[in-house]
Each structure stands twice: as structure tokens, then as C-alpha cells.
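In mature numbering (1 follows the signal peptide of the UniProt record, and there is no 0), the protein residues as written are -17 to -1, 1 to 242.
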């Protein structure tokens, strides 16, 4: 009877650990606004609850389906306000074209984020093509972990008649365990030094996903915010598996956080 109770307790604790993970999405460095249906200014682009093509609703569901909780951070990151997060995601920091007063990543932000990762945090950095992302300050953060988003344009896709130009074939990948062909268009390549390594390369041999260990934590960088709803909701032609990739990425991030 005691053994049975012990096993029940153990399984309960394991379940609690999984469900206790929190995935926090930055709403500070990316804070795009537009006029909504009522004419009022409102947030949009890469939001957890955004169900149209611009949002991360499906990406969020990939985490919650695995027992994690979603959160957002609308202020500068610090050790204190990141301490409850297992995963922290920064996507497409604003340029002045996207926000009249963008919050650029500052040196203190970098030190705070790095300290959090060093303690075991898992950081996902998602860039974009250089026209649509503020690279200089973002690269200051990436450099802390031996990575650099290059000012180039990989997998350029002209229109929907040229999907194959954005195709990336995947084999024996440590992150994308089930997806074998994914779509990522107009991304920037990623350079790496030190302990940073390439995770995924495109057909031209350019790294578009890289990762690094830092202290007890992990950092992964992607050259595009490619997991927003538009490209994981079945709109892609048959054969593309971004729907599998979004689950692969969520699973990998939470697994690193458990470590």
C-alpha cells in the first residue's frame, strides 16, 4: 500500500512539474500597434491570443497542450520578473518604422537576460529579414551567446507560386524531430562562434537556426518568426510540415527547460 501511494505521489509530482512550466512572450521589445476595427489603436503581431495570420495562437497551443502555461512580459526583462519563466521568447524587435518609440535592447537588458539563462532559463530569439527587424541591438544580445544575425536575405520567396524557394529539408535534426520539410521565407542567416552551433541550414548551406549552451541554460536563435499562424495553419501546399515543426520546437524548448 505504501509503495502504491509513493508511486501515485511521484507521478503527481512529475505531472505538476510539467504543468508548472511557464512560457513567457516578450511584449516590450516587440510592441507593434495599428488601428483596430473600432478605429482605436491596438496591439497586433505575434500575440498569444491573436487568431489571424499574424498571431502566435497555434504556437501557444503547442505549449499549453503539453501542460505549460503562457505569460507575457510588457516591461524590460529582469531576473526578478523572469524568475517564474521556464522559456522566454523575444521575436522581431521593433524598428522605428513599426513603433514611433521602440524599446531597443540595452546593455542592462542583456545582462539581466544572460543571468537568467545562466541559472537555467531557455531563451528563444526570433529575428526577421533586416528590413523588418531592429538588428543592431538584437545582435548585441545574440553576441552574448556567440551568435550573430546577418544582414542578408535567405530563402527569398516572390509569391505563392514560388513556395519551393522557401523550402528547407530536414534530416536527423536535434530540434525538428518529426518535420522533414519546412517552409521559412525571407530569413536572415546566423553566424556562430564559441560554443554556438548550427542547428539547421538551408539549401545554400546558410545557417537559419543556431543554438548555444550558456551556464545551465540554453539559447536558440532563428532567422525568422516563422511559426506564426499563417504558416502553421494548413495554408502551405501539401508536403510542408510547419504544423509538425511548431510542435517539435515547443517540445524541444520545454525539454531543455526541464533539464
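Note that beta-carbon positions come from the ideal geometry of N, C-alpha and C, so glycine has one too.
If you draw a straight line from the alpha carbon of residue i to that of residue j, how long is it in whole angstroms?
i, j, result
"residue 97", "residue 216", "33 Å"
"residue 48", "residue 41", "10 Å"
"residue 50", "residue 34", "20 Å"
"residue 210", "residue 220", "16 Å"
"residue 72", "residue 178", "21 Å"
"residue 200", "residue 240", "8 Å"
"residue 15", "residue 60", "18 Å"
"residue 170", "residue 75", "11 Å"
"residue 28", "residue 56", "15 Å"
"residue 121", "residue 127", "10 Å"
State the CB to CB distance for the pair residue i and residue j, rounded to an integer number of angstroms; the pair is presumed to be in contact (CB under 8 Å).
i, j, result
"residue 225", "residue 146", "Between residue 146 and residue 225 the Cβ distance is about 11 Å, and since that is not below 8 Å, they are no contact."
"residue 256", "residue 62", "Lying outside -17 to 242, the shown extent of the chain, residue 256 is not represented and no answer is given."
"residue 129", "residue 175", "6 Å"
"residue 154", "residue 222", "Going by Cβ atoms, the distance from residue 154 to residue 222 rounds to 15 Å, so no, they are not a contact pair."
What would DSSP say about residue i, mapped onto helix, strand or coil?
i, result
"residue 175", "strand"
"residue 106", "strand"
"residue -13", "Residue placement at residue -13 is poorly supported in this model, since its pLDDT is 42, which falls under 50; the coordinates still yield a value, given next. Residue state, collapsed to three classes: helix."
"residue 38", "coil"
"residue 54", "strand"
From the beta carbon of residue i, is the nearest beta carbon of chain D less than 7 Å away?
i, result
"residue 215", "Annotation note: the requested chain D is absent from the structure, which comprises a single protein chain."
With a 10 Å radius around its C-beta and 16 neighbouring C-beta atoms as the bar for buried, classify residue i as buried or exposed.
i, result
"residue 24", "exposed"
"residue 131", "buried"
"residue 193", "buried"
"residue 139", "exposed"
"residue 58", "exposed"
"residue 206", "buried"
"residue 168", "buried"
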